[in-house]
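Data block below; observations after.
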Amino acid sequence: MSAADAAADAAIRVLRGRASDEEVAAAVVAILARLNSAAAQRAAATRPPARRRWAAPDTRMTRPPGPRGASAWHAGV
-18 MSAADAAADA AIRVLRGRAS DEEVAAAVVA ILARLNSAAA QRAAATRPPA RRRWAAPDTR
42 MTRPPGPRGA SAWHAGV
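Counting from -18, one number per residue, gives the positions in the sequence shown under my numbering.
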């Protein structure tokens, strides 16, 4: 395979200048990070909002109220 064939098969081509392999790799990483960030933002926008735990029924006090009356403080000990 010649250099021309390899350049024709490449998904990314450098149109101006002489980019090194490291510079092309850095550009690819930056592009992929941007695409991943955009995909994460779209997924977060379509996700239903998180349920607030402070209002969840399982966090409410489930213990029955104690006895009432003059000596009710004894029952709480």
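For each residue, glycine too, the CB sits at the ideal point set by N, CA and C.
Check V9 in the structure and name its three-state DSSP category.
helix
Tell me the DSSP secondary structure of L16 in three-state form.
helix
With DSSP collapsed to three states, give me the class of R23.
helix
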